[in-house]
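Residue numbers for the sequence shown follow our numbering, so the first one is 800 and each next one is one higher.
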Amino acid sequence: MHLDEGRRAAEAGDWVAAGHAFVRAAMEGSAEGAELATQVTVGLVPLADAGSAEAAALLAGIYLEYFDESALPDAVRYARAAAGAGLPAGERTYGYMLLEGIGVEEDHDRAAELFRTAAEAGDAYACLNLAQLVDDPDESRRLLEEAARAGVDVAGVLLADELSSLDRDEEALTWYLWAAERGHTGAMNAAACWYRDGFGTDPDPVQAVRWFFVMSAYGDGDGVHEAIELAKSGGVDEHQVREAGRLANDPAAAEALIATVWGG
């Protein structure tokens, strides 16, 4: 979907929209999206050089993510320009460069300032970045929740981790499930293990195997291993495995597990 959206935008000469669409495709794992994002820089450079802060921020991100180190000076230049123009995405990108010392000298204080300004303007990833720098745990959780509610799955995982450390396990499981439903395999593993062990909820082996199956479908082979071990230990029977496969929309995984453990 994002690739088609990007192609339509490129055909219409809307290079910023095309770049955003291709980057979204790349973030979802599309190698073609990453390649097209690099190609669209040809159209973005004139816009950024003419003063478009949005084009500059997008260029900086593409140079940083999809080009080699030779592009770093341009990435810094465009990120700094976008941040100087007050664009939240530019402030967040330039802040990240300052935080990690990418192409510039490390400056954590300035990075935090930029993240805060961008977060106050509603940039979800700036909220995520700032949450990991502030000293106040209440503020950190507030920022993580704000980022999560804007759709940043890793923020939900970090929020769950923090809630778990406070023994607020039922809330933590809610956020692990939230992130798992959005494709975060680490959250899937946490949810599966918590259901298996009755952590933050009553034990539920069907839900445990369900999330191990989904985890496997997302390419994490540990899910298959964990599901097999649970079945071999007697934690689930064939009927429960089939129900887990139904919930995971993967009945084939259930039959494969049954054949492996029970030879059926």
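Beta carbons are placed, not taken as given, at the ideal position from N, Cα and C, and that holds for glycine.
Asked: Between the stretch 980-987 and the stretch 997-1008, can you find at least three pairs of beta-carbon atoms closer than 8 Å?; Found: no
Asked: Enumerate in chain order the residues of its own chain whose CB-to-CB distance from R915 is below 8 Å, with the five nearest sequence positions on each side excluded.; Found: A925 and L929
Asked: Less than 8 Å between the C-beta atoms of L897 and E905, yes or no?; Found: yes
Asked: When the distance is taken between beta carbons, is A824 closer than 8 Å to A817?; Found: no
Asked: For H983, which three-state DSSP category applies?; Found: coil
Asked: Taking 8 Å as the threshold (C-beta atoms), are A836 and V815 in contact?; Found: no
Asked: Can you tell me which of the three DSSP states Q931 falls into?; Found: coil
Asked: Among the residues of its own chain, which have a CB less than 6 Å from the CB of D1003, if the five just before and after it don't count?; Found: Y994
Asked: Skipping 5 residues on each side, what residues in its chain have a beta carbon closer than 8 Å to that of H907?; Found: L897, L898 and L932
Asked: Quick one: residues in its chain with C-beta nearer than 6 Å to the C-beta of Y1017, no 5 flanking neighbours on either side, listed in chain order?; Found: T984
Asked: Got a sec? Which residues, its chain only, sit under 6 Å from A954 by beta carbon, not counting five neighbours each side?; Found: L927, L943, A946 and A947
Asked: Just checking my contact of E969 with G999 at CB under 8 Å: how many whole Å lie between their CB atoms?; Found: 5 Å
Asked: Only counting the same chain, and skipping five residues up and downstream in sequence, which positions put a Cβ closer than 6 Å to that of G1034?; Found: P1004
Asked: Looking at F1012: is its Cβ nearer than 8 Å to the Cβ of G1044?; Found: yes
Asked: Could you compute how far the alpha carbon of D803 sits from the alpha carbon of H819?; Found: 12 Å
Asked: Could you give the first and the last residue of the continuous alpha helix (DSSP H) run that contains F1012?; Found: P1004 to A1016
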